[in-house]
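Worksheet for the structure shown next.
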Amino acid sequence: MQQKNASKLRLLNIGITMTSRTSLPSWQALTEHAKEMKQQHMNDLFAADKQRFNKFSIKLPAFLLDYSKNLITADTFNQLITLAKDCDLEGWREKMLNGEHINRTEDRAVLHTALRNRSLTPMILEGENITEQVERALSKMKTFSEQVRQGKWLGYSGKRITDVVSIGVGGSNLGPQMVTEALKQYSDNSLNVHYVSNVDGTQIADVLRPLNPENVMFIISSKTFTTTETMTNARTAVKWLTSSSFDDKAVAKHFVAVSANKENAMAFGIDKDNIFDMWDWVGGRFSLWSAIGLPIALDLGFEKFLELLDGAHEIDNHFCNTKLEENAPVILALLSVWNCTFLGAQSQAILPYDQSLHMLSAYMQQAEMESNGKSVSWDGREVDYPTVPTIWGEVGINGQHAFYQYLHQSNNVVPADFIGSVESVTPVKGHHQTLIANYFAQTQALMQGVNEEQVRADLKAKGRQPDYINNVAPHKVHKGNRPTNSILMKRISPRSIGSLIALYEHKIFVQGIILQICSFDQWGVELGKSLANNIEKELESSDINDSLDSSTAGLIDFYKSNLS
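In numbering that gives the first Met the number 0, the protein residues as written are 0 to 563.
See below:
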């Protein structure tokens, strides 16, 4: 009873209200306003205001954000800002930055911004300056990465490390892998970095097959050092190494860990000096700025890793110090709430027009959907409005020849973020200009569309006969009015990628506050994993549990009966 009361007191102390967002006058006003705006077309809004781009765009050091191709007016924008203020967004921002336990269900602070606090201002959490902790961890990362990159770290046979295999899952994998792929052109290739996340043995077998155990360093990333998928792969890696070295002590020379559970890591055989810190105030999907980013530092060099942190810190300063009306993450979040919660869009596309960003859509799926894919409010009440959309996407040109048909002409309106760069990191004459022309054309086409009168006039001008025009014209109509944001970086670089990721991280936080859901737990991940542990025992048994549902029991029976 005392524990329950203490939990209630903590909830009250961090300012949780027990009323639905739908009771706010600003929410109700936006609900009515959305009905009016659904009758509008962006073509008319652009025609009525020649300064629309200037009014609805922001230029930051790392990128331009153009949000003018959204179904909004100045009135819409002002109402959205009012909603943010009614939700006390600025107060919640302060709570997060001050280390209050805004991760309510796990009773934790949320301080991934402390990982890239390049101003080194003290950040006190429960009496300790965590800026000093972070700096010590960065210093350890620097020493380790330089030793490995310079060939000073030797394996069990005295040979230098040439390959790094990072074993993790979720945020321990997607973040670092996305960044190393995005910044591949900045690598000096002194090391080959590989990633293993899938418990399907095919992946780790394919990664290890061409490698020499004498030259491989493994990074095992797991906060608890108990994650089933990660530890299964880690044990396979140990067997692979020791079957070559014939010495269990070789693990100490070829394995390092990133974990908050040093005891488990040491029991696994990893030397305590080779364990890098994780903290419970950093969620996995926000952790690439920590030692989870070791593969990035090893691939690019530690100085490039610091540039990544610098870019994120730049956006942190913008987010923390800029008024809401000019705040890029706030605006992106409010537009997402507007498009999905008020206008009814059920998904959002992330469309990078740069091959370097080919993993960005997958990264954003986890970042946003694991954070805000919830249907319960802060006080445990089921929410009565749509929350986060489905996030999906693909590299731009590939998408154009796959699902853009759906974006342009389906009955479902899908808001999209188009992300590109002014200059290519791999310039090949004529290519980037064609790429960017498609980027600009697609956002224009999604906004403008083409009506039947225009289609008929075009076909007639091309000499088509009336019967053909009557038959084809309806199929060529594009309604347009499809919202897009354009994020245009000057060039892909460690700094600009850091800024881009931080932009979306803060957007996710703002969404959670507006929607009144906890963005920093992931209980939806846990149920399937716990059931998998039970079913694995069933697979080892000769009998089938009578309490299982008929479908699961039937699947298990088919699996067992067809094992060779």
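Just so you know, even glycine gets a beta-carbon here, dropped at the ideal spot from N, CA and C.
Predicted model only: the values in this text are computed from it and were never measured.
Of all alpha-carbon atoms in Glu35, Ser171, Leu153, the one lying nearest the alpha-carbon of Ala259 is that of Ser171. Here DSSP, grouped into helix, strand and coil, assigns Asp87 to coil. DSSP, read as helix, strand or coil, puts Asn128 in strand. Take the alpha-carbon of Thr225 and the one of Ile129: they are about 25 Å apart. Secondary structure of Phe439 (DSSP, three-state): helix. Between the segment 347–362 and the segment 176–190, the count of C-beta pairs closer than 8 Å reaches three or more; the two stretches touch. Counting only runs that start and end inside the segment 307–356, the alpha helix (DSSP H) elements of at least 4 residues fall at 327–336. Pairing Gln515 with Ser19 gives a Cβ-Cβ distance under 9 Å. Taking all protein chains in view, the Cβ of Pro212 is crowded by 16 or more other Cβ atoms within 10 Å, so the residue is classified as buried. DSSP places Tyr405 within a helical segment (H, G or I) once states are collapsed to three. The beta carbon of Ile500 sits closer than 7 Å to those of Ala311, all from its chain and outside the five residues before and after it, given in chain order. Scanning its chain for C-beta atoms nearer than 6 Å, with the 5 sequence neighbours on each side dropped, one finds around Val413 the residues Ser346, Ala348, Leu406, in chain order. Here DSSP, grouped into helix, strand and coil, assigns Asn197 to coil. The Cβ atoms of Val250 and Met216 lie no closer than 9 Å to each other. Residue pairing by DSSP places Met277 opposite no residue, since no beta bridge is assigned to it. Its chain contains Leu23, Ser25 as the residues whose beta carbon lies nearer than 7 Å to that of Asp85, once the 5 sequence neighbours on both sides are disregarded; these appear in chain order.
For Ser22, the three-state secondary structure derived from DSSP is helix. Using a 10 angstroms sphere on the CB of Ala456, the tally of other CB atoms stays under 16, which defines it as exposed. Tyr66 counts as buried, since at least 16 other C-beta atoms from the protein chains shown sit within 10 angstroms of its C-beta. The residues His111, Leu114, Arg115, Leu308, Ala311, in chain order, have a CB closer than 7 Å to that of Trp288 in the same chain once the five nearest residues on each side in sequence are set aside. Within the same chain, Ala259 come within 7 Å of Trp278 by CB-CB distance, once the 5 residues on both sides are set aside.
Assigned with DSSP and collapsed to three states, Asn214 falls in helix. Assigned with DSSP and collapsed to three states, Phe519 falls in coil, not helix or strand. Between Phe508 and Ser518, the CB-CB gap stays under 9 Å. Minimum Cα-Cα distance from Gln408 among the listed residues Asn450, Pro385, Gly419, Ser376 corresponds to Asn450. Under the DSSP definition of a beta bridge, Asp43 lacks any partner. If you draw a straight line from the Cα of Asn326 to the Cα of Asn77, it comes to about 13 Å.
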